[in-house]
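**Student:** The structure under discussion is supplied below as structure tokens; questions concerning it will follow.
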Amino acid sequence: MAKLSNYQLILMGTNFFTTVFIISLPSQIIATSRQDAWLSYLPAFLIMVIPLWMLSKVMHRFPDQDLFSVLKSRFPIVGSMLTSFYLLFFFFILIRDFRMFIDFISVALLQRTPLTVIGGLVILTCILSARSGVQVVARMHELFYPLLMLITVILPFLFYAGTDIRWMQPVLAQGVKPVLHGSWLAVSYIGEIIILPFIVSNRTFQLKQGLISLLIGAYMLEMLVVLNLLVLSPNLASRMMYPNYELAREVRVTEFLDRFDSILVTFWLPALFQKISLMLNVICHGIKQMMPGVQERSLSTSLGILAFVCGFWFFENPLQLLNLNGGWPAVALIFEILLPLCFYFMLKPRFHR
Amino acid sequence: MILKLIGPLLLLSIVTIAEWSEIRTANLTGKTVFFLVLAVSGSIWFYVSTAVHPVRPAVFLEALFKRLDPFT
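Protein chains in written order, with our numbering: chain A, 234 to 586; chain B, 457 to 528.
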């Protein structure tokens with residue numbers, strides 16, 4: 234079982250829901266919530282505290298076990314079925330994130346390179362890091378993710394002259410419904426933080442790390458959406474496929490900083506690589522719990538190739554990825570809220586006399 | 457058609473050779489899962505590259521999920 238430091242777990246938790254979130258979802262949320270998009274993140278974050286608390290309590294009942302092994306040991310048949318459903322859920326997220334990632338590279342950075350070449354290189358890198366294990370991926374987080382966080386801290390200062398507060402006014406002019414719609418879109422992505430107890434045992438995962446991850450992620454996402462509104466305006470940001478990338482392109486402090494987007498991409502893309510690697514690792518770990526005979530290293534290669542192939546098969550273009558976001562939270566919330574609630578009430582250790 | 461079949465077969469052969477040291481020591485379950493996943497991947501790739509209008513799961517999922525969206 235993976236042993237990670239608190240710092241690594243916090244970085245991994247934050248990375249899990251922020252890096253893919255900021256690719257395209259802000260434009261959809263701004264399109265629905267307009268100038269109140271920044272408000273729509275808050276209910277989503279508050280809701281996700283509940284399953285994190287419930288899962289931390291469940292993990293506390295089973296020392297030195299991750300959630301996959303808890304499910305398998307407590308309810309062998311039902312636990313295996315639930316593990317399979319979770320693995321399918323995580324696999325779908327892996328495919329979606331992979332496809333979003335390569336579409337972003339293809340549209341924004343390497344327009345002339347075939348998508349299959351970009352996809353092949355991305356999945357090869359992810360397979361190689363996933364084969365090395367969770368600890369290596371966690372150490373990679375320490376290298377790149379703090380710098381991405383630092384960028385979101387300094388970004389507001391770079392826009393000091395180019396913002397207009399009128400783009401965020403009037404607050405709640407269209408009522409609460411658009412805000413709730415935005416929260417509905419955001420909650421499934423933010424809820425991906427529940428993957429933490431599937432990676433580590435209760436000795437490593439505690440509620441505190443989960444909450445710190447949520448707080449850091451909330452700061453980063455709020456800061457970016459507020460800057461999107463203040464700099465690009467709701468009208469423009471809602472029509473962009475990659476609003477945060479366009480936001481970074483707007484930064485022109487002096488001549489030596491006229492390509493700030495390249496600095497952002499330097500730290501953002503490794504974080505995306507790490508998320509996909511970690512997801513691949515978790516899926517292999519889950520399969521290993523169900524079938525102890527399989528080897529995680531070779532499985533990560535074959536599953537990586539399957540994810541690559543399914544990424545091209547499932548989605549014809551990036552718009553299909555966006556269209557799925559409308560109803561996807563209904564499915565995701567089953568895994569992110571409903572099942573953790575069931576685990577809280579049902580997963581209790583057996584007592585032997 | 458044959459050329460489109462050669463690509464995935466070649467790729468899967470390279471993967472198998474690269475992974476051979478791991479596969480050789482694996483038990484029957486490990487070997488079966490590895491080759492099964494590779495075979496499924498190869499079949500899907502062949503289907504996607506040869507079909508004129510391949511069936512996209514995202515289209516079905518979108519139609520399914522649209523009913524679950526409370527805001528539309």
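We treat Cβ as the ideally placed atom computed from N, Cα and C, and that holds for glycine.
Anyone know if the C-beta pair for Thr396(A) and Val464(A) falls short of 7 Å?
**Tutor:** For Thr396(A) and Val464(A), yes; Cβs fall inside 7 Å.
**Student:** Just mark His518(A) as buried or exposed, buried being the case when its beta carbon has 16 or more other beta carbons within 10 Å.
**Tutor:** Counting Cβ neighbours within 10 Å, His518(A) comes out buried, since at least 16 surround it.
**Student:** If you draw a straight line from the alpha carbon of Val253(A) to that of Arg480(B), how long is it in whole angstroms?
**Tutor:** Distance between the alpha carbons of Val253(A) and Arg480(B) is about 37 Å.
**Student:** Under 9 Å between beta-carbons, which chain B residues line up against Trp417(A)? List them in chain order, please.
**Tutor:** Result: Asp525, Pro526, Phe527.
**Student:** If we call anything under 7 Å between Cβ atoms a contact, is Ser266(A) one with Val412(A)?
**Tutor:** Cβ distance < 7 Å, so Ser266(A) and Val412(A) count as in contact.
**Student:** Please classify Gln241(A) as buried or exposed, where buried requires at least 16 other C-beta atoms within 10 Å of its C-beta.
**Tutor:** Burial call: buried.
**Student:** Thr485(B) versus chain A: which residues are under 9 Å apart at the beta carbon?
**Tutor:** The answer, in chain order, is Met524, Pro525, Gly526, Val527.
**Student:** For Glu549(A), name the three-state secondary structure that DSSP assigns.
**Tutor:** Note: Glu549(A) maps to coil in three-state DSSP.
**Student:** In or out: Gln368(A) buried (at least 16 other Cβ within 10 Å) or exposed?
**Tutor:** So Gln368(A) counts as exposed.
**Student:** Following the continuous alpha helix (DSSP H) through Tyr478(A), name the residue where it begins and the one where it ends.
**Tutor:** From DSSP, the alpha helix (DSSP H) with Tyr478(A) extends over 476-482.
**Student:** Gln442(A) by DSSP, collapsed to three states: which one?
**Tutor:** Helix.
**Student:** Closer than 7 Å, CB to CB, is Leu479(B) near chain A or not?
**Tutor:** What sits at residue 479(B) in the sequence shown is Ile, not Leu. By this cut-off, Ile479(B) is an interface position.
**Student:** For the alpha helix (DSSP H) containing Lys236(A), name the first residue and the last one.
**Tutor:** First-last for Lys236(A): undefined, no H or E at that position.
**Student:** Pick out the complete alpha helix (DSSP H) segments inside the region 445-474 of chain A, 4 residues or longer, and give them in chain order.
**Tutor:** Whole alpha helix (DSSP H) segments, 4+ residues: 466-470.
**Student:** How would you write the range of the alpha helix (DSSP H) that Val420(A) sits in, first residue to last?
**Tutor:** Segment 410-423, the alpha helix (DSSP H) holding Val420(A).
**Student:** Tell me whether Val291(A) sits in a helix, a strand or coil according to DSSP, three-state version.
**Tutor:** In this structure, Val291(A) counts as helix in the three-state DSSP scheme.
**Student:** Would you tell me roughly how many angstroms separate the C-alpha atoms of Leu429(A) and Leu459(B), rounded to the nearest one?
**Tutor:** Each residue's alpha carbon lies about 44 Å from the other.
**Student:** Is it buried or exposed for Glu375(A), if we count other Cβ within 10 angstroms and need 16 for buried?
**Tutor:** Per the 10 Å Cβ criterion, exposed.
**Student:** So Leu460(A) packs on Trp400(A), CB below 8 Å; how close in whole Å?
**Tutor:** That pair is no contact at about 11 Å.
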